[in-house]
Amino acid sequence: MNKQQVKVNIAMILTWIRIAMIPLIVGVFYVPDEWMSPFMQNVWGTALFIMAALTDAFDGYIARNYNMESAIGAFLDTTADKLMVCAALIVLLAFNRVDMLVALIIIGREITVTALREWMAKVGAAARVKVNWFGKIKAIAQMVAIPMLLFWEPFLGIDMAWLGTILIYVAAILTIYSMVVYLRAASPYLSEETPVK
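Per my numbering, residue 1 is the first one in the sequence shown, and the count goes up by one each step.
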């Protein structure tokens with residue numbers, strides 16, 4: 001009986017570390033105030049999110065440049081990113097730092113595009129819904145806005161809450177646009193007659 005072995009490498013370990021950090025990012029905001037002040041909760045939540053985001057940059061770089069790319073690695077990397085963003089948005093929503101509609105748009109888009117890519121892969125047209133520039137700019141806006149909203153306090157004279165709110169709205173607008181682009185590209189394949197390969 002042949003068993004496929006999954007090769008564990010540095011890039012994949014970094015991805016697993018990012019996934020393991022998600023409950024820490026959420027949990028720090030629920031530490032009792034007697035143990036950790038709200039300000040320090042903001043600091044630690046922001047620091048953990050930034051560290052997790054940095055592992056995203058490093059694991060991609062290592063995988064591409066040191067021949068460590070794999071299908072399972074790509075799947076875990078994408079899944080980790082979506083889980084991290086969705087978890088952070090739920091925390092921000094719980095603390096009234098992000099509008100419910102914005103959170104719904106971003107989380108709903110992630111679910112929709114993930115399902116769309118799975119369908120397009122089944123019909124052999126995955127290339128039509130590969131990541132576009134709007135999606136990349138949206139991701140950058142999200143990854144800058146979320147730590148600002150987690151920190152929430154003014155920093156070096158910058159109103160992080162205000163700037164983070166502006167950026168998360170920009171991300172939401174780009175989220176809608178990029179989803180429309182994906183849906184238009186996939187529309188010829190979204191019918192009952194489309195054969196599944």
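We treat Cβ as the ideally placed atom computed from N, Cα and C, and that holds for glycine.
* Asked: Is the beta carbon of ALA11 less than 8 Å from the beta carbon of ILE62?
  -> Here the question's residue 11 lines up with position 11 in the sequence shown. Here the question's residue 62 lines up with position 62 in the sequence shown. Yes. Within cutoff.
* **For PHE155: DSSP bridge partner residues** => Counting from 1 along the sequence shown, the entry for residue 155 is found at position 155. Paired residue(s): ILE158.
* Asked: Looking at the structure shown, is SER37 part of a helix, part of a strand, or coil, going by DSSP?
  -> Position 37 of the sequence shown holds residue 37. Here SER37 sits in coil by DSSP.
* Asked: Distance, Cα to Cα, ALA127 vs ALA185?
  -> Counting from 1 along the sequence shown, the entry for residue 127 is found at position 127. Counting from 1 along the sequence shown, the entry for residue 185 is found at position 185. Answer to the nearest angstrom: the Cα atoms are 10 Å apart.
* Cβ of ASN42 within 8 Å of Cβ of LEU150? -> Taking the first residue of the sequence shown as 1, we reach residue 42 at position 42. Taking the first residue of the sequence shown as 1, we reach residue 150 at position 150. Closer than 8 Å, so yes.
* C-alpha distance - ILE107 paired with LYS138, whole-angstrom precision -> Translated into the one-based positions of the sequence shown, residue 107 becomes position 107. Translated into the one-based positions of the sequence shown, residue 138 becomes position 138. Approximately 13 Å, taken between the alpha carbons.
* Asked: At a cut of 8 Å, does the stretch 45–55 reach the stretch 141–160 through at least three beta carbon pairs?
  -> yes
* Asked: Just checking my contact of ARG97 with ALA52 at CB under 8 Å: how many whole Å lie between their CB atoms?
  -> What you label residue 97 is simply residue 97 of the sequence shown in a count that begins at 1. What you label residue 52 is simply residue 52 of the sequence shown in a count that begins at 1. Incorrect: roughly 18 Å between the Cβ atoms, too far for contact.
* To do: For LEU54, count neighbouring C-beta atoms within 10 Å of its own C-beta (all shown protein chains included) and say buried if the count is 16 or more, exposed if not.
  => One-based indexing of the sequence shown puts residue 54 at position 54. LEU54 comes out exposed.
* Could you spell out where the alpha helix (DSSP H) holding LYS82 opens and where it closes? => In the sequence shown, residue 82 corresponds to position 82, counting from 1. LYS82 -> alpha helix (DSSP H) spans 71–94.
* Beta-carbon of ILE72 versus every beta-carbon of chain B: anything under 8 Å? -> Among the chains in the structure shown there is no chain B, since it carries only a single protein chain.
* Cβ of TYR169 within 8 Å of Cβ of PHE134? -> Taking the sequence shown and counting its residues from 1, the one referred to as residue 169 is at position 169. Taking the sequence shown and counting its residues from 1, the one referred to as residue 134 is at position 134. No, they are not a contact pair.
* Asked: Do you know how far the Cα of ALA115 is from the Cα of ASP99?
  -> Here the question's residue 99 lines up with position 99 in the sequence shown. Here the question's residue 115 lines up with position 115 in the sequence shown. Straight-line Cα distance between these residues: approximately 25 Å.
* Asked: Span of the alpha helix (DSSP H) holding VAL26?
  -> Locating residue 26 in the sequence shown gives position 26, counting from the first residue. Unbroken alpha helix (DSSP H) run through VAL26: 10–27.
* **Exposed unless 16 or more other CB atoms sit within 10 angstroms - verdict on PHE39** => In the sequence shown, counting from the first residue as 1, residue 39 sits at position 39. The residue is exposed, with fewer than 16 neighbouring Cβ atoms inside 10 Å.
* Run through DSSP, which three-state label would ALA125 get? -> Along the sequence shown, read from residue 1 onward, the residue named residue 125 stands at position 125. Note: ALA125 maps to coil in three-state DSSP.
* Of the choices TRP119, PHE75, GLY157, ILE111, whose alpha-carbon is the least far from that of SER220? -> This structure cannot speak to residue 220, because the chain is shown only from 1 to 197.
* Asked: Under a Cβ-count criterion, where at least 16 other Cβ atoms within 10 Å of its own Cβ denotes burial, should GLU110 be classed as buried or exposed?
  -> Locating residue 110 in the sequence shown gives position 110, counting from the first residue. Buried: at least 16 other Cβ atoms inside 10 Å.
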